[in-house]
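Below: the structure, in C-alpha cells.
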Amino acid sequence: MPELKFEFKKYQQAKVQPNCHVLLSEDRKYYSVPYSYTGQKVDIGYTATTVEIFSKHERIALHQRNRTWSKYTTNGTHLHPNHQYYRRWNKDFFVQEGAKIGEHTIRFMEQLFAQSKHPEQAFKSCQGVLHLATKNGNDKVDQAAGICLQFDYVSYRKLEQILSMDFQNIKWDEASPTQLDLFHENIRGQMYYK
Numbered sequence: 003m004p005e006l007k008f009e010f011k012k013y014q015q016a017k018v019q020p021n022c023h024v025l026l027s028e029d030r031k032y033y034s035v036p037y038s039y040t041g042q043k044v045d046i047g048y049t050a051t052t053v054e055i056f057s058k059h060e061r062i063a064l065h066q067r068n069r070t071w072s073k074y075t076t077n078g079t080h081l082h083p084n085h086q087y088y089r090r091w092n093k094d095f096f097v098q099e100g101a102k103i104g105e106h107t108i109r110f111m112e113q114l115f116a117q118s119k120h121p122e123q124a125f126k127s128c129q130g131v132l133h134l135a136t137k138n139g140n141d142k143v144d145q146a147a148g149i150c151l152q153f154d155y156v157s158y159r160k161l162e163q164i165l166s167m168d169f170q171n172i173k174w175d176e177a178s179p180t181q182l183d184l185f186h187e188n189i190r191g192q193m194y195y196k
C-alpha cells in the first residue's frame, strides 16, 4: 500500500491580479503569487489540502488550502514593497481619498483595512469605493457607507448593493435592515451573532 493517501486534484486557469493574488473560483478565495507574475495567466492545481500555482509548468507558489472565513491567503514574501502599481497605495492614501467623499467613507475604508490581515488585501475594495464615488457621486456613496457602518455590513459588495437601491428617501439613521430590504428574510446577518 502507498504511504500517502491519494488526493484528487483539480485544475483551473487564472490571471494574477494587481494585488499579486489569484482567485480559486471553487472557494472564492485568493492566494498570493510572487509579484513578478502580475498580469500573467497561470494554472492552479488544487486538492482538498493544498493549492499549487504554476507558470509554464513551473510551480511558483504553494499554499495550504484556505478553509477559514478569510478570503485571502498571503505569503508576505510574494509582495514587493516597491511595486510600481502600489507605489502610492497604502492605508493613508485611501483614507485621504475617502475624506474627499465624506466622513462615513473614511470610517468605511478604515474598517475595510481593519478586516484585512494584510493592507494590500483592502486595496481592491477601496479602489472600488473610489470608482463608485466617481460613478454615483460623493454624497450618495457617503450616505450608503453610513448605512453599511450602521448595520456592520462593511464590504464593497454591500456598499454596491445599497447604492443600487432607492435609499434616498429613507432616513438611514433610523432605518432597520428590513426597511432597507438588504437581505432575504431568512438571512440573519452579522449583527445576529454579536
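3 is the number of the first residue of the sequence shown in the working numbering; add one for each residue after it.
All residues carry an ideal CB built from backbone N, CA and C; glycine is no exception.
No experiment lies behind these values; they were computed from the predicted model shown.
Please list, in chain order, all residues of the same chain as residue i whose beta carbon is under 8 Å from its beta carbon, the five residues on each side excluded.
| i | result |
| --- | --- |
| K73 | R30, K31, Y32 and Q123 |
| T51 | E9, Q66 and R67 |
Give the DSSP bridge partners of residue i, in chain order.
| i | result |
| --- | --- |
| G155 | Reading the sequence as shown, one finds Tyr at residue 155 and not Gly. Answer is none; Y155 lacks a bridge partner. |
| S34 | H23 |
| A124 | The partner list for A124 (beta bridge, DSSP) is empty, contrary to what the question assumes. |
| D45 | Q15 and F56 |
| H65 | V53 |
| Y74 | Y32 |
Pull up the CB-CB distance for residue i and residue j, whole angstroms please, since I reckon it's below 8 Å.
| i | j | result |
| --- | --- | --- |
| Y48 | K7 | That belief does not hold up - the Cβ atoms of Y48 and K7 are roughly 16 Å apart, past 8 Å. |
| V131 | L161 | 7 Å |
| N92 | P121 | 7 Å |
| L151 | F115 | Rounded, the Cβ-Cβ distance is 14 Å, inconsistent with contact. |
| H80 | S118 | About 15 Å separates the two Cβ atoms, so there is no contact after all. |
| V53 | L26 | 6 Å |
Is the closest heavy atom of the ligand HEM to the C-beta of residue i under 7 Å?
| i | result |
| --- | --- |
| S127 | The model depicted lacks the ligand HEM and carries no ligand whatsoever. |
Might you give, ordered along the chain, the residues of its own chain that have their beta carbon closer than 7 Å to the beta carbon of residue i, omitting 5 neighbours on each side?
| i | result |
| --- | --- |
| N138 | L165 |
| I103 | A135, N140, V143 and D144 |
Within the same chain, show all residues whose beta-carbon is closer than 6 Å to that of residue i, passing over the 5 residues directly before and after it, in chain order.
| i | result |
| --- | --- |
| Y158 | S127 and G130 |
| A146 | L161, I164 and L165 |
task: Determine contact between the stretch 93-108 and the stretch 53-73, defined as no fewer than three beta-carbon pairs at a distance below 8 Å.
output: Too few Cβ pairs lie closer than 8 Å, so no.
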